[in-house]
Amino acid sequence: MNSNRRVLFFVIGSVGLFIVFSWLSIYYKFKWSPFERVNLVSEVVKAPVKPKRYVYHPPVPKKDTVHIKSDSVFAPVYDFELYNTAKLITNFNADTNQPALKKFAEKLHDLKSGKKRKIRVAYFGDSMIEGDLISQTLRKELQDSFGGCGVGFVPINSPVAKYRISAYTDCSETWSEENFREGKSNRLFLSGHIFHTDDGWVQLRDQSFSNDSVLIEKSLLCGATNNPVTISANNKPFTVKGEQLFNRIVLGNDKGRSVKLAVNNDKLPLYGVSFESDSGVFVDNFPFRGVSGIELGKLDSSFLRSVAANNDYDLIVVQYGVNLLFRPNDTAFGWYGEIMRPVLRKIQHCFPNSELLVISTADRAFRYNGEYKTAIGIDSLIRTQAQVAYETGSEFYNQYASMGGANTIVEWGQLKPPMANKDFIHPNFRGAQILGQYLFEAMMRDYEKYVHSLKQPN
Amino acid sequence: MPSFDLQAFLRQFLYDKDNPLLFNNGFFVLFFAVFITVYFAFRKKMAIRRYIFCLFSLYFFYKASGSFVVLVILSAIVDFVLSNAIFRQKKQGMKNFLLVLSIFFNLGMLFYFKYTNFFISLSNEFLHTGFNPLNILLPVGISFYTFENLSYTIDVYRGHFEPARKFSDYLLFLSFFPKLVMGPIVRAHDFVPQINKPYVITETDFAKGFYLIISGLFKKLIISDYITLNFVNYIFDDPGRYTGLENLFAIYGFAVVIYCDFSGYSDIAIGIGRWLGFTIPPNFLSPYQSRNITEFWRRWHISLSSWLRDYLYIPLGGNRTDTFGTWFFPMIFFIAITLATMNMFNLIWWQSLSITGGIILLFVLPAAISRDKKGISTSMNILTTMLLGGFWHGANWTYIIWGALHGVGLGIHKVWMLITGRSLARTKRTWVYKIIMTLVTFHFVCFTWIFFKAADFNTAMIMIYQIAHDFSFSFWVPFFKNYQTVLYIMALAYLLHLIPDKFPDYIINRFQRVPMIAYLVIFFAFLLLYGYFKAAEPVMPIYLQF
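Heads up: the protein sequence lines correspond to chains U and L, in order.
Under this note's numbering, think of the first position of the first sequence as 65, with each following residue one higher.
Under this note's numbering, think of the first position of the second sequence as 2, with each following residue one higher.
Below, the structure written as structure tokens:
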């Protein structure tokens, strides 16, 4: 018997029923997600009433009176909504012709005018800046424009140490480590890590620049020791006196850009090595995967003040947020603002010479109805982040708007070659380079405003 | 009353580059229903039936890849004309010329669309030419229909086959919509005679077709898509972020994905073909059940491996003789290996040369053991076939490396057979040996998948490094907790893979005629399962190390 009729009946029958079910489910507004996803006619047949889209509008925050900066005779007018502007570093001053990072711009101008000085930038972030992503572009651009050689801080070890391009790391497996996740130490460095070993070695090399004739100062960054500890640095004995809570001890100042340490005393709390030339701009990369920034609050204030005294920063950049968007449907982040505000205040308090730049989360997507789209809570999160910046008198840069706003990360992930990973969270090195470039350009526009203001007759 | 959006409805009929037609589109369901109705109505009018089939196939191709449909038509015309000319031509010289012309046209088209940018980047890197890459999109299915065209003209040239008389026969062979996008690669001498046969299928055909379509959809849309989106992509994109444990499982995951994806698509094509009265031979036979790499290639993408055997390996000389190609490609390969190992692993010249020497030795050994000089050229022919076969999969070094690894694997297997052929004969019959060899073969294949899937060589090396240096089972608990569903689906896929290939046929024969309602229930159950996985909340990556 010929079964070709059975094929026809089956196809007509199943497709017919499928259409009928699909139409009925729309007609009766029958919501059952497994069927909704496969509805055959949903693209051409629409239910009569359109569903309302949920939009979250948190209130406009109040400016914290303690932190209002009034260095002009005219009290500035503040415009909170400036946080939405792409590629702008803002201090919410409605007059956007004024520089936002004024002190930073002043210092850059010193370098540009030929003065010798160091400008240090601490770039905090989550997995987005792991492996020196974004910060390496910023460093390179700043050093190309204003001078300086050296990668800055390199930790003893990190989960991505092998893949960092700007620095080479190799170490023995004998280091024990405490960090934001594991251990109780409140003297973790800004990197969120502290290392000890009773018999270990580490080799670190700066690979961030190509000029071989520059003198590079290599400094050991370590915590307090009760007694001097002798270690081996580049195969020579070297005595470390950890007199302060935090110490920056020069190991050498020569053309070499490699440091090999051998340590056999676990009383020495080690963080890493810093590579800097005698003058210029230096960007320290401080990533910690999976965090939201509130972990910085765990650092001891007296310790932080010691860092400020011995290894001060001129600009502190904090770029977090993506890890708060870990569930697709979260839209309320007020709680985060409440926790993050005191953390930023603490940083401001401990680093009085630093300006503080809050960078918003970059775009991140979730799969909604089988399609990747920007997290629905992202506007609300960025508003919260801007609010914290506004209230603490920090500066703000909207990375999400700057990279292109909604669904940019999806586009980046689908480009060939891609600029983001298929998790639709992490820009890859190509994407990170663009983000670093955009940030640098925004800084330069800000700097130009400062330069321009110098030319104005006052 | 819900409103009907006429504009949206009409738009469905046009090519949408963000949403090309695949078997899982809602549009395909409707397309197929209309097609089968018309096809059935004209089933006895051969000419009309053929035109309808061509038309629907070309329309399918248009919905899948837009204007590239012109390429299929163009290549059908060229090859139809050339093959007929070759057939009629009495002079051998002219025959040769026409064949070369056809090969030149087909490979030229494939090269232009698929490999131009690869060679531009090669030239930029080594000759510092500074050419800009061209903005060339790869036409869907071109790798498949190019090979079908070639096999067709070569078969005609060899006198194996009388060319199709009617153009519509040839066009349908080439554009047959079930296999157009992703194979299997169909041979004209199998397929063309079936075009004008009466539309008769048995109850077994109906049942087996249904089974192939549903199981193919299940493999592709549920298993493969879920594991890819919720696990494999994360790890392969940025392996350095993840531990060795995650990297290893991502490779096991990808082994499932590539099999389910490829064989799922083939099964759907074969199943639809079966429903329409066309028999297409199986393309995958549970390849991970293989006990050695040679067997793997008899079970993996059979239509490709047999194509490569008939139209590449044998013309190269096969196991009988050698030709220019026998030595040319392996030479390039050996030079490239020496230079690459020197550059990438910072080896001194003699270290690199000894690696290369070791590989050459491997290919010479079988001949030495069996004292048959021809063995060397046979080995080289296999290596050439695998290198070019790898390159066929994509214009990237990683595919060539993948092919090379398989070539080396086949070489090792050959040596192993010659060494252990007699001494281990008894051991080889034990089940312990069989299980161990299946696992060894599976892991070798998995190792090669690293290069197949990784975006570039560096990414592949990072993965291997992470597995070798950063592996610890201490992360198992959080890893398992986070990826639970993914791991369960992977386990299910491997369990299904263990089922003997004859089992479905056995079941189908047992049940004989199953009532229609049962088919409908299974179909809708599948649909809801698909919907469920599409709606499932995505699994997000986690960090196990800080």
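Ideal Cβ placement from N, Cα and C applies to all residues, glycine included.
In three-state terms, what does DSSP make of residue i?
{"i": "Lys18/L", "result": "coil"}
{"i": "Pro542/L", "result": "coil"}
{"i": "Ala297/U", "result": "strand"}
{"i": "Leu315/U", "result": "strand"}
{"i": "Lys362/U", "result": "helix"}
{"i": "Thr339/L", "result": "helix"}
{"i": "Tyr563/U", "result": "Residue 563/U lies beyond the stretch modelled for chain U, which goes from 65 to 522, so this question has no answer here."}
{"i": "Gly336/U", "result": "strand"}
{"i": "His190/L", "result": "helix"}
{"i": "Phe177/L", "result": "coil"}
{"i": "Ala465/U", "result": "helix"}
{"i": "Asn471/U", "result": "coil"}
{"i": "Ala484/U", "result": "strand"}
{"i": "Tyr120/U", "result": "Low confidence applies here, because Tyr120/U scores a pLDDT of 47, under 50, leaving its location unreliable; read the following figure in that light. Reduced to three states, the DSSP call for Tyr120/U is coil."}
{"i": "Leu197/U", "result": "coil"}
Taking Cβ positions, are residue i and residue j nearer each other than 8 Å?
{"i": "Tyr232/U", "j": "Arg269/U", "result": "yes"}
{"i": "Ser216/L", "j": "Asp268/L", "result": "yes"}
{"i": "Leu503/U", "j": "Tyr461/U", "result": "yes"}
{"i": "Gly274/L", "j": "Pro179/L", "result": "yes"}
{"i": "Cys414/U", "j": "Ser365/U", "result": "yes"}
{"i": "Pro316/L", "j": "Arg300/L", "result": "no"}
{"i": "Ile401/L", "j": "Leu388/L", "result": "yes"}
{"i": "Lys305/U", "j": "Pro292/U", "result": "yes"}
{"i": "Gly241/L", "j": "Ile463/L", "result": "yes"}
{"i": "Ile258/U", "j": "Gly500/U", "result": "no"}
{"i": "Lys209/L", "j": "Gly265/L", "result": "no"}
{"i": "Val382/U", "j": "Gly357/U", "result": "yes"}
{"i": "Pro479/L", "j": "Asn231/L", "result": "no"}
{"i": "Thr449/L", "j": "Leu406/L", "result": "yes"}
{"i": "Leu389/U", "j": "Leu408/U", "result": "no"}
Who are residue i's beta bridge partners in DSSP?
{"i": "Gly287/U", "result": "Phe310/U"}
{"i": "Gly344/U", "result": "Lys182/U"}
{"i": "Cys527/U", "result": "The requested residue 527/U is not part of the displayed model; chain U covers only 65 to 522."}
{"i": "Ile280/U", "result": "Asp318/U"}
{"i": "Lys324/U", "result": "Gln267/U"}
{"i": "Tyr142/U", "result": "Asn157/U"}
For residue i, return the contacting residues in chain B, with the cut-off set at a CB-CB distance below 9 Å.
{"i": "His490/U", "result": "Among the protein chains of the structure shown, namely U and L, there is no chain B."}
Going by Cα to Cα distance, which pick from the options is closest to residue i?
{"i": "Ala439/U", "options": "Phe273/U, Ser466/U, Asn433/U, Asp427/U", "result": "Asp427/U"}
{"i": "Ser296/U", "options": "Asn275/U, Gly336/U, Lys324/U", "result": "Lys324/U"}
{"i": "Phe99/U", "options": "Glu512/U, Phe85/U, Glu402/U", "result": "Phe85/U"}
{"i": "Ile436/L", "options": "Arg310/L, Ser291/L, Phe119/L, Ser58/L", "result": "Ser291/L"}
{"i": "Ser272/U", "options": "Asp330/U, Gly336/U, Asn290/U, Glu205/U", "result": "Glu205/U"}
{"i": "Asn374/U", "options": "Pro406/U, Leu388/U, Ser338/U, Gly354/U", "result": "Ser338/U"}
{"i": "Thr295/L", "options": "Thr486/L, Leu488/L, Pro539/L, Lys415/L", "result": "Lys415/L"}
{"i": "Arg184/U", "options": "Asn349/U, Phe367/U, Gly495/U", "result": "Asn349/U"}
{"i": "Phe105/L", "options": "Ser76/L, Phe88/L, Gln90/L, Phe127/L", "result": "Ser76/L"}
{"i": "Ala251/L", "options": "Phe263/L, Gly109/L, Val82/L, Ile236/L", "result": "Ile236/L"}
{"i": "Tyr227/U", "options": "Gln308/U, Lys486/U, Gly195/U", "result": "Gly195/U"}
{"i": "Leu139/L", "options": "Tyr158/L, Met110/L, His161/L", "result": "Met110/L"}
{"i": "Gln546/L", "options": "Trp477/L, Leu530/L, Met517/L", "result": "Trp477/L"}
{"i": "Ser523/L", "options": "Ile383/L, Ser304/L, Thr399/L, Tyr212/L", "result": "Sequence check: residue 523/L is Ile here, not Ser. The option with the nearest alpha carbon to Ile523/L is Tyr212/L."}
{"i": "Met418/L", "options": "Phe452/L, Asn136/L, Leu363/L", "result": "Leu363/L"}
{"i": "Tyr464/U", "options": "His490/U, Arg245/U, Lys480/U, Gln520/U", "result": "His490/U"}
| Name the residues in the segment 38-53 of chain L whose C-beta lies less than 8 Å from a C-beta of chain U; which are they? | Thr38, Phe41, Arg44
| Given a limit of 8 Å on CB to CB distance, which residues of the segment 521-538 of chain L reach chain U? | Leu521, Phe524, Phe525, Leu528, Leu529, Leu530, Tyr531, Gly532, Tyr533, Lys535, Ala536, Glu538
| Looking at chain L, which residues of the segment 417-440 of chain U have a Cβ within less than 8 Å of any of its Cβ atoms? | Phe430, Arg431, Asn433, Gly434
| request: Could you name the residues of the segment 467-488 of chain U whose beta carbon sits closer than 7 Å to any beta carbon of chain L, in the order they occur along the chain? | output: Asn485, Lys486, Asp487
| query | Which residues, taken in chain order from the segment 211-229 of chain U, show a beta carbon closer than 8 Å to some beta carbon of chain L? | reply | Pro223, Val224, Lys226, Tyr227
| chain L contacts from the segment 94-109 of chain U (Cβ-Cβ distance under 9 Å) | Trp96, Ser97, Pro98, Phe99, Glu100, Arg101, Val102, Asn103, Leu104, Val105, Ser106, Glu107, Val108, Val109
| task | Closer than 8 Å, Cβ to Cβ, to anything on chain L: give me those residues from the segment 163-197 of chain U, in chain order. | result | Ser191, Glu194, Gly195
| Mind listing which residues of the segment 74-85 of chain U have their C-beta closer than 9 Å to chain L's C-betas, in chain order? | Phe74, Val75, Ile76, Gly77, Ser78, Val79, Gly80, Leu81, Phe82, Ile83, Phe85
| Name the residues in the segment 352-370 of chain U whose C-beta lies less than 8 Å from a C-beta of chain L; which are they? | Phe352, Arg353, Gly354
| said: Using a Cβ-Cβ cutoff of 9 Å, what residues of the segment 146-162 of chain L are near chain U? List them in chain order. | reply: none
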